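Residue numbers 19 to 477, in my numbering, belong to the letters of the sequence shown in order.
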Amino acid sequence: MPSRWADSAEDKAEDARRKAEKEEKKRLKAEKLRQAEEAAKAAARANGHQDDEDGERPQKRRRVSHDDGAAGTGAKEPERELLRFNAPGWQPCRSVERFDRLNHIEEGSYGYVSRAKEEATGEIVAIKKLKLNPVNDGGFAVTALREIQCLNAAKHRHIVNLREVVMGEREAKNDVYLVMEFVEHDLKTLQEEMEEPFLPSEIKTLLLQLGSAVEFLHDQWILHRDLKTSNILMNNRGEIKLADFGMARFCGDPPPSNLTQLVVTLWYRAPELLLGTPTYDAAIDLWSVGCIFGELLTKNPLLQGKNEVDQLSKIFELCGIPTEETWPDFKRLPNARSLRLPSGNRAAQGSVVRAKFPILTNAGANLLNSLLSLDPAKRPSAKEMLEHAYFGEDPRPKPTAMFPTFPSKAGQEKRRRHASPNAPMRGAAPGLQGEVDFGSIFKGREEEERGGGFQLKLV
């Protein structure tokens, strides 16, 4: 039985007809070119004969070779050099076997970080082994793709430098590793080892560097979405490097409608995220910067909630209950309908940020209050933060060269770690569900004993 893909007799006849038609067209074209050439030669002969009769010089022929001109004039033209441009090329990734693993540093939600030495140069680097999504049958996780993409686009003095991507070998050939510059400390571990918090001048320097990195990211339309002290590295020269872009992504204006709601580690998560906002922007990173600011002042995380409900309660205790004046869009958020807020004296339910940090100047308290605004529209941008009057008053920011040095805990020594929540996993469900009662969170504040005498009031 012949194949149903074989040509029939009609197909063969049609092919022969098309071939003959094509040959005829080629013949006619060649004939036309031949006639045109003969006409051109006849015209040239006629013009030459006329020029001879008039006694005029024949027209100059076009020089078709540099050698002809050089032979006629005796001068040699300089050789022409080709311009060469450096351009990236395609090449295979190097193997992780070119690096010697020295010790484990830490494990995060999206990878394992180790300290390693490159065999060829002896340079110390940090290597992050990415956690790939097993659900995708060995496919590349979208968080890993975004991390590589964002780090390649974020070349900045205060952002950790991604040097290259390397692969595993043999049975681990599908493993992916990020090779980054090694930085000695992270702010969280450093503060746990310090006896006293950073000085006000040092805090200003750290905030300026952090604000510079965040401003650059937002200018590149990148949201970090997991700013916290454990993701801020610091070297022995007082320079910080923003790291861990496992939750980062590009975001346009207006932001896309399919943004993941469960982002940012719980203690640094903005209230609009806890209340299920369908869309968000760079303001969520600025809320995290405000939490980091408060942590630098006290050495302890500012808002240590046990879960999403407790976290929201602590935010309201510090920043006050949202009202139409402080947060007009609050009631439009999905989870706001399930909250039962306290009633009573609104004056006793406002922000206590100023009272919690009496060591701050008025300008410093103003900056912290603005970063911790419940309404994301009222938070400053990173650029506005860097231009705040707080950084221009005494004490001035300390030069990084004057920062104290600390022994590095990223070596083989055991770390003394305090429990803190991890970054949320992609695809997990939010924990704020059902009706939540916040009616008693200000009960202690209203029942405080007030004795005789005078009372200092911080403004």
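Beta carbons: idealized from backbone N, C-alpha and C, even for Gly. Quick caveat: nothing in here was measured; it's all calculated off a predicted structure.
Of the residues Thr297, Leu235, Lys59 and Asp262, which one's Cα is nearest the Cα of Arg350?
The shortest C-alpha separation from Arg350 is found at Thr297.
Alpha carbon to alpha carbon, what distance is there between Val131 and Glu539?
The requested residue 539 does not occur in the structure, where the chain is confined to residues 19 to 477.
Going straight from the alpha carbon of Gln227 to that of Ser391, what length do you get?
If I take the Cα positions, the gap works out to 22 Å.
Any chance the region 230-241 sits against the region 253-271, with 3 or more Cβ pairs inside 8 Å?
The region 230-241 is in contact with the region 253-271.
Can you say whether Trp108 is buried or exposed, counting buried as having 16 or more other CB atoms within 10 angstroms of its CB?
Under this definition Trp108 is an exposed residue.
Extract the residue ranges of the alpha helix (DSSP H) inside the region 380-408, only unbroken runs of 4 or more that lie entirely within it.
380-389 and 400-404, all fully within the region 380-408.
Among the residues of its own chain, which have a CB less than 7 Å from the CB of Arg35, if the five just before and after it don't count?
Nothing listed; no residue qualifies.
Is the beta carbon of Met252 sitting closer than 8 Å to the one on Leu205?
In this structure, Leu205 lies closer than 8 Å to Met252 by Cβ.
Bridge partners for Val17 per DSSP, in chain order?
With the chain represented from 19 up to 477, any question about residue 17 goes unanswered, as that position is not in the structure.
Using 8 Å as the Cβ pair cut-off and three pairs as the minimum, do the region 315-330 and the region 409-429 touch?
Segments in contact, no.
From the DSSP output, which residues share a beta bridge with Glu199?
Per DSSP, Val143.
Can you tell which of Met212, Glu202 and Ile166 has its C-alpha closest to the C-alpha of Ser426?
Nearest C-alpha to Ser426: Glu202.
Compute the distance between the beta-carbons of Arg243 and Ile302, then report whether it is under 8 Å.
Yes, these two residues count as a Cβ contact at 8 Å.
Among Val114, Lys173, His176 and Ala172, which one has its Cα closest to the Cα of Lys147?
Of the candidates Val114, Lys173, His176 and Ala172, the one whose C-alpha sits nearest the C-alpha of Lys147 is Val114.
Which of helix, strand or coil does DSSP assign to His176?
DSSP places His176 in coil when its eight states are reduced to three.
Rounded to whole angstroms, what's the CA-CA distance from Lys173 to Val160? Just pull it up for me.
If I take the Cα positions, the gap works out to 21 Å.
Using the Cα positions of Ala62 and Glu55, report the straight-line distance between them to the nearest angstrom.
When rounded, the distance between both Cα atoms is 11 Å.
Measure from the alpha carbon of Gly323 to the alpha carbon of each residue in Tyr286, Pro352 and Trp345, then state which is nearest.
The shortest Cα separation from Gly323 among Tyr286, Pro352 and Trp345 belongs to Tyr286.
What would DSSP say about His242, mapped onto helix, strand or coil?
Three-state DSSP puts His242 in coil, outside helix and strand.
From Gly338 to Pro289, what distance separates their C-alpha atoms?
Distance between the alpha carbons of Gly338 and Pro289: 12 Å.
Consult DSSP for Asn121 and reduce its assignment to one of helix, strand or coil.
Strand.
Need the endpoints of the alpha helix (DSSP H) that Glu136 sits in, please.
Counting along the chain, Glu136 falls outside any alpha helix (DSSP H), though it belongs to the beta strand (DSSP E) covering Gly129 to Glu136.
Using a threshold of 8 Å, state whether the C-beta atoms of Phe421 and Glu220 are closer than that.
Closer than 8 Å, so yes.
For Arg397, count the other beta carbons within 10 Å of its own beta carbon; 16 or more makes it buried, fewer makes it exposed. Which is it?
That one is buried.
Per DSSP, what kind of secondary structure is Phe421 in: helix, strand or coil?
Looking at Phe421 - three-state DSSP - the assignment turns out to be coil, as it is neither helix nor strand.
What are the partner residues of Val184, as DSSP defines its beta bridges?
Partner(s): Tyr195.
Closer than 8 Å by C-beta to Ala419: which residues in its own chain qualify, once you throw out the five before and the five after it? Chain order, please.
If we look at Ala419 and ignore the five residues flanking it on each side, its Cβ neighbours are Arg255 and Gly256.
Under 8 Å, do His236 and Ala400 count as touching if we go by C-beta distance?
It is a contact, given that the beta carbons lie within the stated cut-off.
In terms of alpha-carbon separation, which member of Pro218, Glu405, Gln238 and Lys222 lies closest to Ile377?
Closest by alpha carbon: Pro218.
Here's the rule I'm using: 16 or more other beta-carbon atoms within 10 Å means buried, otherwise exposed. How should Phe216 be labelled?
With 16 or more other Cβ atoms within 10 Å, it is buried.
Grab me the residues of Tyr195's own chain with a C-beta within less than 8 Å of its C-beta, minus the 5 sequence neighbours each way, in chain order.
If we look at Tyr195 and ignore the five residues flanking it on each side, its Cβ neighbours are Val114, Ile145, Lys146, Lys147, Leu148, Val183, Val184, Met185 and Gly186.
Leaving aside the five residues before and after Phe472 along the sequence, list all residues of the same chain whose C-beta is less than 6 Å from its C-beta, in chain order.
Low per-residue confidence applies at Phe472: pLDDT is 41, beneath 50, and the placement is therefore not dependable enough to give any value.
Express the C-alpha separation of Lys317 and Ser388 in angstroms, rounding to a whole number.
Ser388 and Lys317: Cα-Cα distance of roughly 21 Å.
Can you tell me the Cβ-Cβ gap for Val454 and Leu357, rounded? I've got them flagged as a contact below 8 Å.
Rounded, the Cβ-Cβ distance is 5 Å, consistent with contact.
Rounded to the nearest angstrom, what separates Arg162 and Tyr128 at their Cα positions?
Correcting the residue identity first, residue 162 is Ala in this sequence and not Arg. Roughly 8 Å separates the two Cα atoms.
Using the Cα positions of Ala300 and Leu314, report the straight-line distance between them to the nearest angstrom.
If you take the alpha carbons of Ala300 and Leu314, they lie about 22 Å apart.
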